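Chemist:
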Ligand SMILES: O=C(O)C[C@H](Cc1nc2cc(Cl)cc(Cl)c2[nH]1)c1ccc(Cl)cc1
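Numbering (the working numbering), first residue to last: 3 to 358.
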């Protein structure tokens with residue numbers, strides 16, 4: 003900064019170099035900095051709008067939470083957790099260059115007004131993965147290998163930062179303008195042993211151990227087909243199909259809980275439906291706890307073998323559960339025959355296969 007000319011009382015001039023101010027945060031934004039457009043998503047206690055920054059013209063997805071609703075539903079812990087996780091994923095220099103860091107929504111800013119909190123997030127132009135799986139009824143094997151491969155690389159990144167998503171499902175896997183994945187909705191996530199690990203070392207197999215979280219009811223769904231607000235408050239609020247058995251039996255969750263969800267998602271990509279289904283959520287829980295599911299005829303045998311090795315009741319016995327203690331990658335999943343020929347570390351640079 004140029005030294006400033008100062009004027010002494012006696013008329014002599016002096017030059018002083020102002021002490022550099024500490025690095026400051028950019029000024030807090032406000033709703034007036036944006037033009038709010040259409041609603042692009044609704045969660046249990048948030049509404050997501052497409053918005054345009056009036057200064058830059060850039061488009062964002064702004065997640066708006068009503069403060070009184072957060073307080074009444076006792077969700078302040080979840081909201082604070084979501085902000086902390088999004089900040090970790092957006093700013094963490096830890097492994098910033100790693101391929102997996104591309105596969106997450108980024109947090110541009112947060113601000114609040116009298117009634118609401120605002121998360122200014124990446125706008126995922128191609129929406130949720132779910133309609134693509136439903137629309138085609140089932141991905142072909144090539145699409146399943148590509149997209150479940152991107153999810154695996156994303157989970158390697160997330161778990162290396164000691165974060166568990168805990169609500170991974172096709173609704174929370176979004177797609178950017180180039181059809182690469184952007185994982186969002188960290189309101190149900192858990193930061194293990196406080197934040198990203200120190201530089202690479204042999205990591206113990208983390209499990210969530212803080213007690214400030216209510217694990218008993220599975221996480222809120224971001225499913226816009228959700229029941230109207232008044233019923234939401236009383237009924238079970240999560241989408242049950244992807245919840246791991248350990249989360250249901252109220253034991254501690256671990257990164258392997260996200261591997262269970264990956265198994266459910268691979269099954270759904272191939273067959274068009276999740277493995278544990280029922281009109282009743284209670285029945286879904288029973289089926290999960292009893293591992294009661296089956297494969298439709300014609301299910302790819304290699305995909306079946308992978309799913310059978312992920313949908314294991316004991317989290318520690320799931321394929322990959324032991325990998326991150328000794329490696330930054332889920333090597334035993336990467337080396338499964340289903341992924342033969344996939345180069346996981348360049349997926350984010352590849353043109354995704356066309357979903358027909
Ligand atoms: O400006 C910041 O970053 C800090 C605030 C802190 C904060 N204010 C809150 C008010 C309520 Cl009612 C609930 C939560 Cl969790 C609250 N968290 C804040 C604002 C917006 C968002 Cl999205 C998150 C946190």
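Glycine residues also receive a C-beta, built at the ideal position from the N, C-alpha and C atoms. Just so we're clear, the structure is a prediction, and the values are computed from it rather than from any experiment.
With distances taken Cα to Cα, identify the nearest neighbour of residue 284 among 242, 195, 301.
Modeler: Numbered from its first residue, the chain shown carries residue 284 at position 282. Considering only alpha carbons, the answer is 242.
Chemist: Examine ligand 1 and report whether any of its heavy atoms sits within less than 6 Å of the Cβ of residue 124.
Modeler: Here residue 124 is taken as the residue at index 122 of the chain shown, counted from 1. Checking every heavy atom of ligand 1 against the Cβ of residue 124, none is found closer than 6 Å.
Chemist: Name all residues in chain order for which at least one heavy atom of ligand 1 lies closer than 7 Å to the residue's CB.
Modeler: This selection yields 30, 67, 69, 72, 73, 78, 81, 82, 85, 112, 113, 114, 119, 120, 121.
Chemist: Would you call the segment 318-334 and the segment 259-273 in contact, with 3 or more CB pairs under 8 Å?
Modeler: Yes: at least three Cβ pairs fall under 8 Å.
Chemist: Taking all protein chains shown into account, decide if residue 99 is buried (16 or more other Cβ within 10 angstroms of its Cβ) or exposed.
Modeler: For the purposes of this step, residue 99 is taken as residue 97 along the chain shown, with counting starting at 1. Counting Cβ neighbours within 10 Å, residue 99 comes out exposed, since fewer than 16 surround it.
Chemist: Quick test of the definition: if touching needs 3 or more C-beta pairs under 8 Å, does the segment 28-41 touch the segment 54-69?
Modeler: Contact holds: three or more Cβ-Cβ distances are below 8 Å.
Chemist: Since residue 114 is in the alpha helix (DSSP H), which residue starts that stretch and which ends it?
Modeler: As a first step, residue 114 must be located in the chain shown, where it is residue number 112. Careful: residue 114 lies outside any alpha helix (DSSP H), inside the beta strand (DSSP E) at 109-114.
Chemist: Enumerate in chain order the residues of its own chain whose CB-to-CB distance from residue 180 is below 8 Å, with the five nearest sequence positions on each side excluded.
Modeler: On the chain shown, position 178 is the one that residue 180 refers to. Excluding sequence neighbours, residue 180 sits near 353, 354.
Chemist: Using a threshold of 7 Å, state whether the C-beta atoms of residue 341 and residue 309 are closer than that.
Modeler: Position 339 of the chain shown holds residue 341. Position 307 of the chain shown holds residue 309. Cβ atoms of residue 341 and residue 309: not closer than 7 Å.
Chemist: Going by DSSP, what residue range makes up the alpha helix (DSSP H) through residue 289?
Modeler: Looking up residue 289 in the chain shown gives position 287. From DSSP, the alpha helix (DSSP H) with residue 289 extends over 283-291.
Chemist: May I ask you to report which of helix, strand or coil DSSP gives residue 62?
Modeler: As a working note, residue 62 is residue 60 in the chain shown. Of the three classes helix, strand and coil, the one that applies to residue 62 here is strand, per DSSP.
Chemist: Do you know offhand how far residue 281's Cα is from residue 244's?
Modeler: For the purposes of this step, residue 281 is taken as the residue at position 279 of the chain shown. For the purposes of this step, residue 244 is taken as the residue at position 242 of the chain shown. Each residue's Cα considered, the two are about 15 Å apart.
Chemist: Grab me the residues of residue 166's own chain with a C-beta within less than 8 Å of its C-beta, minus the 5 sequence neighbours each way, in chain order.
Modeler: Taking the chain shown and counting its residues from 1, one reaches residue 166 at position 164. Here the set comprises 160, 191, 192, 194, 210, 255, 256, 257, 259, 260.
Chemist: Please name the residue, chosen from 148, 107, 58, 277, that lies closest to residue 351 on a Cα-to-Cα basis.
Modeler: Along the chain shown, read from residue 1 onward, the residue named residue 351 stands at position 349. Taking only the C-alpha atoms, the option nearest residue 351 is 148.
Chemist: Whole-angstrom Cβ separation of residue 107 and residue 184, contact assumed at under 8 Å?
Modeler: Walking along the chain shown from the start, residue 107 turns up at place 105. Walking along the chain shown from the start, residue 184 turns up at place 182. Contact holds; Cβ gap of about 5 Å.
Chemist: Going by beta-carbon coordinates alone, are residue 171 and residue 111 separated by less than 7 Å?
Modeler: For the purposes of this step, residue 171 is taken as the residue at position 169 of the chain shown. For the purposes of this step, residue 111 is taken as the residue at position 109 of the chain shown. The answer is no: Cβ separation not under 7 Å.
Chemist: Tell me the residue span of the alpha helix (DSSP H) that contains residue 156.
Modeler: If you number the chain shown from 1, residue 156 lands on position 154. Per DSSP, residue 156 belongs to the alpha helix (DSSP H) from 143-162.
Chemist: Is it right to say residue 83 is buried, meaning 16 or more other beta carbons lie within 10 angstroms of its own, or is it exposed?
Modeler: What you label residue 83 is simply residue 81 of the chain shown in a count that begins at 1. Residue 83 should be labelled buried.
Chemist: Taking Cβ to Cβ, would you say residue 47 is nearer than 7 Å to residue 72?
Modeler: Here the question's residue 47 lines up with position 45 in the chain shown. Here the question's residue 72 lines up with position 70 in the chain shown. Taking 7 Å as the Cβ cut-off, residue 47 and residue 72 qualify as a contacting pair.
Chemist: Short check: CB of residue 315 to CB of residue 293, under 7 Å?
Modeler: One-based indexing of the chain shown puts residue 315 at position 313. One-based indexing of the chain shown puts residue 293 at position 291. Their beta carbons are under 7 Å apart, which means residue 315 touches residue 293 by this criterion.
Chemist: Please name the residue in 109, 130, 115, 298 whose C-alpha comes closest to that of residue 121.
Modeler: Mapped onto the chain shown, residue 121 falls at position 119. Answer by Cα proximity: 109.
Chemist: According to DSSP, is residue 122 part of a helix, a strand, or is it coil?
Modeler: Taking the chain shown and counting its residues from 1, one reaches residue 122 at position 120. Residue 122 falls in the strand class under three-state DSSP.
Chemist: Closest by CA to residue 49, which one among 137, 118, 142, 127?
Modeler: To locate residue 49, count along the chain shown from 1; it is residue 47. Selected option, being the one with the closest Cα: 118.
Chemist: Which residues share a DSSP beta bridge with residue 135?
Modeler: Counted from its first residue, the chain shown places residue 135 at position 133. BP columns for residue 135 are empty, so no partner.
Chemist: Throw me the rounded Cβ distance for the residue 317 and residue 248 pair, which I believe falls under 8 Å.
Modeler: What you label residue 317 is simply residue 315 of the chain shown in a count that begins at 1. What you label residue 248 is simply residue 246 of the chain shown in a count that begins at 1. That belief holds up - the Cβ atoms of residue 317 and residue 248 are roughly 5 Å apart, short of 8 Å.
Chemist: Could you give the first and the last residue of the continuous alpha helix (DSSP H) run that contains residue 69?
Modeler: Within the chain shown, numbered from 1, the residue matching residue 69 stands at position 67. Per DSSP, residue 69 belongs to the alpha helix (DSSP H) from 69-74.
Chemist: If we ignore side chains and look at the alpha-carbon of each, how far apart do residue 301 and residue 325 end up?
Modeler: The residue labelled residue 301 in the question sits at position 299 within the chain shown. The residue labelled residue 325 in the question sits at position 323 within the chain shown. In a straight line, the C-alpha of residue 301 is about 27 Å away from that of residue 325.
Chemist: Near residue 338, which residues of its chain fall below 6 Å by C-beta distance, leaving aside the five closest residues on each side in sequence?
Modeler: Against the chain shown, residue 338 aligns to sequence position 336. 308, listed in sequence order.
Chemist: Would residue 278 pass as a contact of residue 272 if the rule is Cβ separation under 7 Å?
Modeler: For the purposes of this step, residue 278 is taken as residue 276 along the chain shown, with counting starting at 1. For the purposes of this step, residue 272 is taken as residue 270 along the chain shown, with counting starting at 1. In this structure, residue 272 does not lie closer than 7 Å to residue 278 by Cβ.
Chemist: Would a C-beta distance cut-off of 7 Å place residue 186 and residue 174 closer than the cut-off?
Modeler: Here residue 186 corresponds to residue number 184 of the chain shown, with the count starting at 1. Here residue 174 corresponds to residue number 172 of the chain shown, with the count starting at 1. Yes; because the gap between Cβ atoms is below 7 Å, this pair is in contact.
Chemist: Residues in its own chain within less than 7 Å of residue 132 by CB, not counting five upstream and five downstream?
Modeler: Walking along the chain shown from the start, residue 132 turns up at place 130. 172, 173, listed in sequence order.
Chemist: Should residue 358 be labelled buried (16 or more other beta-carbon atoms within 10 Å of its own) or exposed?
Modeler: Position 356 of the chain shown, counted from the first residue, corresponds to residue 358. Answer is exposed; the Cβ neighbour count stays below 16.
Chemist: Near residue 146, what residues of its chain come up, given a Cβ to Cβ distance below 6 Å and the 5 sequence neighbours on each side ignored?
Modeler: As a position in the chain shown, residue 146 is number 144, starting the count at 1. Same-chain partners within the cutoff: 271, 272.
Chemist: Look at the Cβ atom of residue 126, then the Cβ atom of residue 86, and state whether they are nearer than 7 Å.
Modeler: On the chain shown, position 124 is the one that residue 126 refers to. On the chain shown, position 84 is the one that residue 86 refers to. No, they are not a contact pair.
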